[in-house]
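Participant: Under our numbering, the residues of the sequence shown are numbered 8 to 713, in order.
What follows is a single structure, and I will ask about it in a moment.
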Amino acid sequence: MTYHSTTNPRTALVALALLVCLGSPAAHAAGNGTAIGAAIGTAADWPAPGGAADESSFSRLDRINRDNVGKLGLVSYLDLPGEASLEATPLAVNGVLYFTGSTAKVYAVEAVSGKLLWQYDPEVWKHNPDKVGGMNVNRGAAYEDGRVFAASIDGRLHALDAATGKVLWIADTIARGTRYSSTGAPRTFGGRVIIGNGGGDLGMRGYVTAFDAATGKQLWRFYTVPGSPEDNRGNPAMERAAKTWRGEYWKVDAMGIGGSGGTVWNGMTWDPELDQLYIGVGNGAPYDVEVRSPGGGDNLYLASIVALDADTGEYVWHYQMNPREAWDYKCTANMIAATLEIDGNPRKVLMQAPTNGFFYVLDRETGELLSAEKVGKANWAERIDLATGRPVEYPGIRYESGEFTIFPGTTGAHNFQPMSYNPDTGLVYIPYMQMGTMFRRGEARPGEFAFAGMVMKNVALEPEDGKGKLIAWDPVKQEARWQHQQDTLWNGGTLATAGGLVFQGTADGYVTAHDAATGEVLWRFNAGLGIIGAPSSYTVDGAQYVSLLVGYGGSASVMSDLMDAGWKYGAQPRRVLTFGLGGKQSLPPSPGPDMAVYAVDDPAVSIAVDDIAPGRTHYALMCSMCHGMNLNSAGSPAPDLRESRVALYPESFSAVLRNGVLQRGMPRFDYLPEDVVRQIHAYVRAGARDLPGVNAPVDSAERAVR
Ligand code: HEC
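Here is the structure:
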């Protein structure tokens, strides 16, 4: 499951994450020799989501370094009222930060002073209110030649004047009335800009679209999976892919939902050296491949990296990581282009740690697999066969003989949070997650979710499951150099610097600088709220700074039992923070994490027992992606309804659903029949009453601890 909108509460489905773990990473030497540190990464500015085109998230600056990082302090901060989940990495150009909020509002902030220069609101609620029903996240902006680009959830790509925030052009990238959405950061590539979209979990057919950066004119579009036989005719990449599909996967049902998937909602890397674009293709839908493509087929180009000619958008090569994808596995993580010395030869490589738990090194000229090893717990394949490029799968993983709990689960060993690469240490710094997902065909039991015949549940089986790690990975030897265990699962992306440091924000609200060579913690700052975005680094007037966004959330809301870090909706301000040597600012105090639920109840409100079970189903489909799975809203972009006085009484509950406050993210549900509203209300009330200590004086001993 991904972190983009499901676009319509009627059809929304919810993803899960589970946990498991398998021992230590494999230590299989794929070669020897060291990484070659060409001009990788960025210097004075941080103009792209991953820093430079290579997506290395590496800064060549070394003014902040191992020796002086202890003097790092807060230089400025800016509160971002109205924001929820903040996933973007701030861009920095000439001392100005450009980033997006949860609904792709674009901000321009003077880094050193923290002064807001301008903001631009795409006002999705006004233009396409049907798109307000999903989880609002956005992974950032792109910059080129005085223009800033961002895509809003309704698929509009906005080009703004970087100096003023004025709109230069807006291009529509998705057709109205479809279940697509857009949450990713666009990428610029030599006067052009590219954006993909989300909706793959609903079976939407993935594609990317390239535009002229100056005019907004569409240049080309590439589909990641085949369409109907007529659509494919004459297109070699689609004709070839169609041979790997069975059934009528291209047909769209009455709800506007198809049966293929493969959206490109995050990772895209431009390779100016080879004039190629690499796109990271997502999972298929329905997840059950026997429903999606009955009887066989690899289902190209799902769960693949595809290389495209940057000028024409034509297919160049692909590498599929999960043939016949069946577990929401996706290649949507960032892809780093570098040159590594492998077996004595410099090789132009592309590196990715997709959700499936392996680390892949590909030859980016040909797409050939050079090596792949497990970075953590992965129980679905023994290894990847280098001769065929295909995984050697274990039996049972395709739930063909009943329930199977797969590791990594649907959220993956590594997700959208960027990994970084430091050519000096030769290491890749991976924000790793350990968790699994149970898959089974059939009917869902309480606490499980069903989607297209597939039942899923998150599980954590061993002590390290449900937790994250910062892993320093040697991509040449394909083994971990060091690992830093974390208590929380859903942490931020990493920044590597030539100062010998790795920066990461974590779900517990800390920004940490590690020694890049050893992992030792050299500096920590309490940001007061969990972090899922990645930091960037740049200079202003010769001084080096590090900035990042603080705003826990994202898919955490639908997986809250595993990702609950105690951050309640609206309790802590969302912010952009900037650090520099000698910084002396401090943040105003805000409430710390709190795992308790302060449920409210009024025994006079009566509910019908028969309403509870159907209410649970409606809630799961329409409300959980914002208010949290199983009513637990920790880390969610919406309040916990068990704690809400508005949700207490049927009249006020119903009024909120009818009137919705779209600007603040609560969709309008005025089409719901009165009995459905009553059933959801009954489920919420029953959930509140189930908690111990409800109506008792709030005192730590009696809080219902999640
Ligand atoms: C797209 C995200 C989203 C979805 C889906 C969603 N909500 Fe909300 N809801 C919100 C947000 C955000 C708020 C808080 C709005 C505010 O602060 O003004 C809210 C507020 C509410 C409130 C008022 C709570 C209070 O104390 O003010 C109720 C009741 C509510 N939602 C019920 C529901 C129900 C029932 C569903 C499913 C049928 C649902 N919501 C689906 C985002 C969502």
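Idealized CB from N, CA, C, for every residue including glycine.
Return the chain-ordered list of same chain residues with a C-beta closer than 7 angstroms to the C-beta of cysteine 338, the five sequence neighbours on each side being excluded.
Facilitator: Around cysteine 338: Gly287, Val288, Ala310, Ser311, Ile312, Met328, Gln359 and Pro361.
Participant: If distances are taken between C-alpha atoms only, which option among Leu357, Arg354, Asn666 and Gly587 comes closest to leucine 68?
Facilitator: Among Leu357, Arg354, Asn666 and Gly587, the Cα nearest to that of leucine 68 belongs to Gly587.
Participant: For histidine 625, I'd like the list of residues in its chain whose CB is within less than 7 angstroms of its CB, leaving aside the five on either flank, ordered along the chain.
Facilitator: Answer for histidine 625: Val683, Gln686 and Ile687, listed in chain order.
Participant: Who are serine 554's beta bridge partners in DSSP?
Facilitator: Ser543 and Thr585.
Participant: Cα-Cα, which of Gly254, Gly460, Gly265 and Val82 is closest to glycine 302?
Facilitator: Comparing Cα positions, the closest option is Gly254.
Participant: Between glycine 109 and ligand 1, is the CB less than 6 angstroms from at least one heavy atom?
Facilitator: Checking the sequence shown, residue 109 turns out to be serine, not glycine. No, Cβ of serine 109 sits at least 6 angstroms from all heavy atoms of ligand 1.
Participant: Look up histidine 421 in the DSSP assignment and say whether it is helix, strand or coil.
Facilitator: Three-state DSSP puts histidine 421 in coil, outside helix and strand.
Participant: In chain order, what residues of the same chain lie with their CB nearer than 6 angstroms to the CB of alanine 59, ignoring the 5 residues before and after it?
Facilitator: If we look at alanine 59 and ignore the five residues flanking it on each side, its Cβ neighbours are Gly48 and Thr49.
Participant: Rounded to whole angstroms, what is the Cα-Cα separation between glycine 443 and valine 466?
Facilitator: Cα-Cα distance, rounded: 6 angstroms.
Participant: In terms of residues, what are the limits of the alpha helix (DSSP H) holding glutamate 237?
Facilitator: Taken as a continuous stretch (DSSP letters only), the alpha helix (DSSP H) holding glutamate 237 covers 236-239.
Participant: Measuring alpha carbon to alpha carbon, tell me which residue in Ala55, Val76 and Asp548 is nearest glycine 506.
Facilitator: Per the Cα distances, Val76.
Participant: What residues match up with threonine 412 in a beta bridge as DSSP calls it?
Facilitator: Paired residue(s): Met445.
Participant: If you draw a straight line from the alpha carbon of arginine 154 to that of aspartate 161, how long is it in whole angstroms?
Facilitator: Cα-Cα distance, rounded: 21 angstroms.
Participant: Reducing DSSP to helix, strand and coil, say where glycine 274 ends up.
Facilitator: Coil.
Participant: To the nearest angstrom, how far is it from the Cα of valine 553 to the Cα of histidine 491?
Facilitator: Answer to the nearest angstrom: the Cα atoms are 21 angstroms apart.
Participant: Let me confirm a value: alanine 169 is counted as buried when at least 16 other C-beta atoms fall within 10 Å, else exposed. Which label applies?
Facilitator: Classification of alanine 169: buried, given that the 10 Å Cβ count is 16 or more.
Participant: Using DSSP with H/G/I as helix, E/B as strand and the rest coil, what is arginine 199?
Facilitator: The answer is strand: DSSP assigns arginine 199 an E or B state.
Participant: Considering only residues of the same chain and omitting the five flanking positions on each side of alanine 147, which have a CB-CB separation below 7 angstroms?
Facilitator: Before going on, a small fix: residue 147 reads as glycine here, not alanine. Contacts found: Pro56, Ala95, Thr96, Phe106, Thr107 and Ala192.
Participant: Just to confirm my understanding: we take valine 691, look at its own chain, exclude 5 residues before and 5 after, and list those with CB closer than 8 angstroms. What are they?
Facilitator: Once the five neighbours on either side are set aside, the close Cβ partners of valine 691 are Gly622, Tyr626, Leu638, Leu648, Arg649, Ala654 and Phe660.
Participant: What do you reckon, is the C-beta of phenylalanine 660 under 6 angstroms from a heavy atom of ligand 1?
Facilitator: Answer for phenylalanine 660: yes, Cβ within range of ligand 1.
Participant: What separation, rounded to the nearest whole angstrom, lies between the Cα atoms of tyrosine 322 and alanine 344?
Facilitator: Tyrosine 322 and alanine 344: Cα-Cα distance of roughly 18 angstroms.
Participant: What did DSSP end up calling aspartate 481 once you bin it into helix, strand or coil?
Facilitator: Strand.
Participant: Per DSSP, what kind of secondary structure is glutamate 255 in: helix, strand or coil?
Facilitator: In this structure, glutamate 255 counts as coil in the three-state DSSP scheme.
Participant: Please check the pair proline 172 and tyrosine 127, which I expect to be a contact at CB under 8 angstroms, by giving their CB distance rounded to whole angstroms.
Facilitator: The sequence given here places glycine at residue 172; proline does not occur at that position. Yes, glycine 172 and tyrosine 127 are in contact; Cβ-Cβ is about 5 angstroms, under 8 angstroms.
Participant: When you compare only the Cα positions, how much space is there between arginine 186 and glycine 206?
Facilitator: When rounded, the distance between both Cα atoms is 6 angstroms.
Participant: Measuring only from the beta carbon, is alanine 620 closer than 6 angstroms to any heavy atom that is part of ligand 1?
Facilitator: No, since every heavy atom of ligand 1 falls outside the 6 angstroms radius drawn around the Cβ of alanine 620.
Participant: Within this structure, are the beta carbons of proline 398 and isoleucine 391 separated by less than 7 angstroms?
Facilitator: Closer than 7 angstroms, so yes.
Participant: Alpha carbon to alpha carbon, what distance is there between glycine 274 and leucine 714?
Facilitator: The structure shown does not extend to residue 714, since the chain spans only 8 to 713, so no value can be given for it.
Participant: In chain order, what residues of the same chain have a beta carbon less than 7 angstroms from the beta carbon of aspartate 494, not counting five sequence neighbours either side?
Facilitator: Counting only Cβ-Cβ distances below 7 angstroms, and skipping sequence neighbours, we find Lys474 and Asp515.
Participant: Between valine 547 and tyrosine 84, which are expected to be in contact by the criterion C-beta below 8 angstroms, what is the C-beta distance as a whole number of angstroms?
Facilitator: Contact doesn't hold; Cβ gap of about 16 angstroms is too wide.
Participant: Cα separation between valine 712 and arginine 696?
Facilitator: Residue confidence is low: valine 712 scores 37 on pLDDT, short of 50, so the model does not pin down where it sits. No coordinate-derived value is stated.
Participant: In the structure shown, what three-state DSSP assignment does threonine 190 receive?
Facilitator: Threonine 190 falls in the coil class under three-state DSSP.
Participant: Could you have a look at alanine 385 and say whether DSSP puts it in helix, strand or coil?
Facilitator: Note: alanine 385 maps to coil in three-state DSSP.
Participant: Can phenylalanine 676 be considered in contact with ligand 1, in the sense that its beta carbon sits closer than 6 angstroms to one or more heavy atoms?
Facilitator: Result yes, Cβ under 6 angstroms from ligand 1.
Participant: Would you kindly work out how many angstroms separate the C-alpha atoms of methionine 211 and aspartate 74, rounded to a whole number?
Facilitator: Near 50 angstroms, if we compare the C-alpha coordinates of aspartate 74 and methionine 211.
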